[in-house]
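The sequence shown begins at 465 in this note's numbering and counts up by one. The next block holds one structure in the form of structure tokens; read it before the comments.
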Amino acid sequence: MPATRVEVPEVPHDLREGLALLQDKLGLPHEFPADVLQEAELAAELPVHDHVDRTDIEFVTIDPASSTDLDQALQIERDGDSFLVRYAISDVGHFVQPGTALEAETHRRGQTKYAPSARVPLHPPVLSEGAASLLADSVPRPAMLWELRLDARGELVDVALTRAMVLNHAKLSYEQVQADLDAGTAHRSIELLPEVGRLREQLEIERGGVSLNLPEQEIVQHDGTWDLEFRALVPVENWNAQISLLTGFTAADVMLKGKVGILRTLPPAEKWSIDKLRRSARTLGVEWPKGMSYPDFVRSLSPDVPAELAVLTKCTMLFRGAGYVAFNGELPDGNLEHSALAAPYAHTTAPLRRLVDRYVLEICHALINGLPLPAWATEGLDVLPEEMAEAGRSANAYERGVIDLTEALVLSSRVGEVFTGVITDVNPKNSQGTVQIADPAVELRVKAKQDEVGTEIEVRIDKVDVVEGRVELSRTGR
């Protein structure tokens, strides 16, 4: 489960040491080279010449409250019985010039890796948290402005992509926006987000797309004490995600028509894996009605029910194999879709955090506006899939390691205590089971049998090593 991005001011010594060891183990850089920092400082001051002034649009951003690397700003308005969605994405390409040490460093890093007060950013903070971030500080920022016209059903009917200067009028959090929507006091720029979001969700259902409704494991700090909680997504997060997905679908379509670009793909689930999931659900006592499709079945599951949570966890095996496919001049054979989304898709809305998004934005901007394709963008396509694959592997390992360290920190003062949890999965090769405990929100490893998946057990914390991120436990009577 992904950890929500959290930054906290005070990190205990053991955790700080553990994070440093984890970064060394994974070969992650602790700082930027001096020449990269110098180039970033100069880039932050680059004059803007080729961006139209769209500071008249009242954009807002919606992100986790602690975020400072703001990639996207949103404004939606009604146009008769249709909608105009304006989505401004940070124009990182304005700051990162080809052939520079700064550009080379982004290729070495690939994407931002997140940890409490130990983030490994893709770009130096002077850009990612300053000049290139769409901050709500009354300063216009350069952006790639998508203008997506939708019909009454939420289907895309027209698209424009322009380099523009934009202004973020408000930095909003998911919880704040949800509360405002519930109270009927939402910011006027996003008061149509629920309507458009629901329309796009319905189109996703009609396409056969699916999302896993797994709770997020969140690192929190209360009165100087660290803790972990499972946090369910609020509806606005799904609606906001639909805008990002819409933009990714549009970018993929533009590049496929232009026969140049890079897609995010996921192979379709094979029949044997669907059959295995069906058998697992039956074993866990979760009904999968005859004739119900896999996406509809997943949408019917609740993470609040132990057996259904176990099935949802098993669904993650159908999401394996995601990657990138690049092409230039002709479309490659094989799968070009993201099977979970049931459509071709591209990463394009987070260029501050992912290298590939900068390429997609530049290629789409050229194709949509009939401009020459930037040589650096097309020449780099061959190696970009493997660069992003390696960055993804590193980010996943870092995220999992950070969670292990935080779980150890949270449990370090609770050695000897007994907790009740649900076994959500068991590795058949080594009988290593995953037990999910609700409070504190941790996922630990314990010996278990296959027929115990979906059941509750009691475990005792025997030993904890915070620096190594290791928790040893044993089972009690249940």
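Every residue gets a Cβ at the ideal spot worked out from N, C-alpha and C, and that includes glycine. A quick note: this is a predicted structure, and the numbers were derived from the prediction, not measured.
- Pairwise C-beta distances place the region 613-633 out of contact with the region 575-590, as fewer than three of them are shorter than 8 Å.
- Judged by their CB atoms, residue 490 and residue 858 are nearer to each other than the 7 Å cut-off.
- By alpha-carbon distance to residue 529, the top candidate from 642, 486 and 714 is 642.
- With contacts defined by Cβ atoms closer than 7 Å, residue 550 and residue 521 form a contacting pair.
- At the C-beta level, residue 790 and residue 848 come within 7 Å of one another.
- Distances from the CA of residue 504 to each of 596, 912 and 709 were compared; the closest alpha carbon is that of 596.
- In its chain, beyond the 5 residues on either side, 770, 900 and 920 have a beta carbon closer than 6 Å to the beta carbon of residue 886.
- In this structure, residue 652 lies away from residue 548, with their beta-carbon atoms at least 7 Å apart.
- Looking at 753, 896 and 577, the one whose alpha-carbon comes closest to that of residue 863 is 577.
- For residue 774, the secondary structure class from DSSP, reduced to helix, strand or coil, is helix.
- Note that the C-beta distance between residue 816 and residue 533 is below 7 Å.
- Judged by beta-carbon spacing, residue 870 lies beyond the 7 Å limit of residue 787, meaning their Cβ atoms are not closer than that value.
- Fully enclosed beta strand (DSSP E) runs of no fewer than 3 residues occupy 620-630 and 632-637 of the region 608-656, in order along the chain.
- According to the DSSP assignment, residue 542 belongs to the beta strand (DSSP E) that extends over 536-543.
- It is roughly 14 Å from the alpha-carbon of residue 750 to the alpha-carbon of residue 740.
- The continuous alpha helix (DSSP H) containing residue 704 extends over residues 699-722.
- The criterion of a C-beta distance shorter than 7 Å is satisfied by residue 565 and residue 499.
- DSSP lists no beta-bridge partner residue for residue 740.
- For residue 547, the pairing in a beta bridge is given by DSSP as 542 and 614.
- Distance from the CA of residue 487 to the CA of residue 933, rounded to the nearest whole angstrom, comes to 13 Å.
- Sorting 671, 627, 616 and 759 by C-alpha distance to the C-alpha of residue 558 places 627 at the top.
- Looking at the DSSP output, residue 802 bridges to 730 and 807.
- Residue environment analysis places residue 725 among the buried positions, since at least 16 neighbouring C-beta atoms fall within 10 angstroms of its C-beta.
- Collapsing the DSSP output to three states places residue 499 in a helix.
- For residue 889, the uninterrupted beta strand (DSSP E) segment begins and ends at 882-891.
- In the DSSP assignment, residue 934 falls within the unbroken beta strand (DSSP E) covering 934-939.
- With distances taken between CA atoms, residue 537 lies nearest to 599 out of 599, 851 and 808.
- For residue 509, the three-state secondary structure derived from DSSP is coil.
- By the Cβ test, the region 671-679 is in contact with the region 766-783, since at least three Cβ pairs between them sit closer than 8 Å.
- Looking at the DSSP output, residue 725 shares a beta bridge with 791.
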